[in-house]
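S.K.: Going by UniProt numbering, the sequence shown runs without a break in its numbering and finishes at 183.
Input: one structure, supplied below.
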Amino acid sequence: MGLIVGYFSVVSDNLPNLSDGVTVFKFITSYLAVMINSLPVWFILAMFVGYKFADDTRKAVLLGAIYTLIAITFYFLIGYFYEKVPVTISFKEQIIAYATWYGASAVGGILGGLVGFYVKKTPYTLLSLLLGLFLQLVVNGTGSWKDMIGISQNVTFCLMILSIITYLLNVKSKPQIVDLSGE
């Protein structure tokens, strides 16, 4: 999963010009790349790892961090070979940049893994994802509604928001079954 995320993140950074018309394949590839390279999707994938594979908070933290660190490593490796422009910043600046990216990725992976794990306990932890999706729409701004990929990404985020709200309202309206048997 980290390899796929790393690859599509590099593709997202090197999108073709889509303003002069585009094939369906290029549009879908560009859309997937932009979506996968978005912070909400990186967070959702870390949540998935925590939800699916962690049976305690320690594993959720570890697995979420491992996933994001693998993804960012593949992003840097593939990007290094994909780019034809040589690195022009000093070694010290490179170290600072890598430390910043790895640190931010680890924190995001840890939080995503924890949220994914806690979704098993209470679905209301999805409210943090809801907040992140709203924040991403604000960060994208009104200018992102002016091109095909931006519109597609924003509509996808809006559909995710509606899905989470619908899910949480549905969970809230279901009566809770209490097991009184003591087992």
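For each residue, glycine too, the CB sits at the ideal point set by N, CA and C.
1) Is Thr88 helix, strand or coil when you go by DSSP?
2) Closest by CA to Gln136, which one among Met148, Ile72, Ser38, Leu126?
3) Please work out which residues of its chain come closer than 8 angstroms, Cβ to Cβ, to Gly116, disregarding the five sequence neighbours upstream and downstream, and give them in chain order.
4) Between the alpha carbons of Lys174 and Ile165, how many angstroms are there, rounded?
5) I need the DSSP call for Ala97, collapsed to helix, strand or coil.
6) Applying the 10 Å Cβ sphere with the 16-neighbour rule, what's the burial state of residue 189?
7) Which class does Ser144 belong to by DSSP, given the choice of helix, strand or coil?
8) Grouping DSSP H, G and I as helix and E and B as strand, with all else coil, what is Gly21?
9) Would Ser105 and Thr68 be called neighbours here (beta carbons separated by less than 7 angstroms)?
10) Restricting to Cα atoms, I'd like to know which of Ile110, Ser9, Tyr31, Lys84 is closest to Ser152.
11) Could you give the first and the last residue of the continuous alpha helix (DSSP H) run that contains Pro40?
12) Kindly indicate the opening and closing residues of the alpha helix (DSSP H) around Asp56.
13) Terminal residues of the continuous alpha helix (DSSP H) containing Leu3?
14) Give me the Cα-Cα distance between Ile70 and Leu3, rounded to the nearest whole angstrom.
M.R.: In this structure, then:
1) Coil at Thr88, not helix or strand.
2) The shortest C-alpha separation from Gln136 is found at Ser38.
3) Cβ within range, chain order: Ala46, Met47, Phe48, Val49, Gly50, Tyr51, Lys52, Ala54, Ala60, Gly64.
4) For Lys174 and Ile165, the distance between alpha carbons rounds to 14 angstroms.
5) The three-state secondary structure of Ala97, taken from DSSP, is helix.
6) Within the shown structure, residues of the chain are numbered from 1 to 183, placing residue 189 beyond reach of any answer.
7) In the structure shown, Ser144 sits in a helix (DSSP, three-state: H, G or I).
8) Secondary structure of Gly21 (DSSP, three-state): coil.
9) Result yes, Cβ atoms of Ser105 and Thr68 sit closer than 7 angstroms.
10) Taking the Cα of Ser152 as reference, the smallest distance to any Cα among Ile110, Ser9, Tyr31, Lys84 is reached at Tyr31.
11) Element bounds for Pro40: 39-53.
12) Run containing Asp56: none; DSSP gives neither H nor E here.
13) Its alpha helix (DSSP H) spans residues 2-13.
14) Spanning the two alpha carbons is a distance of roughly 7 angstroms.
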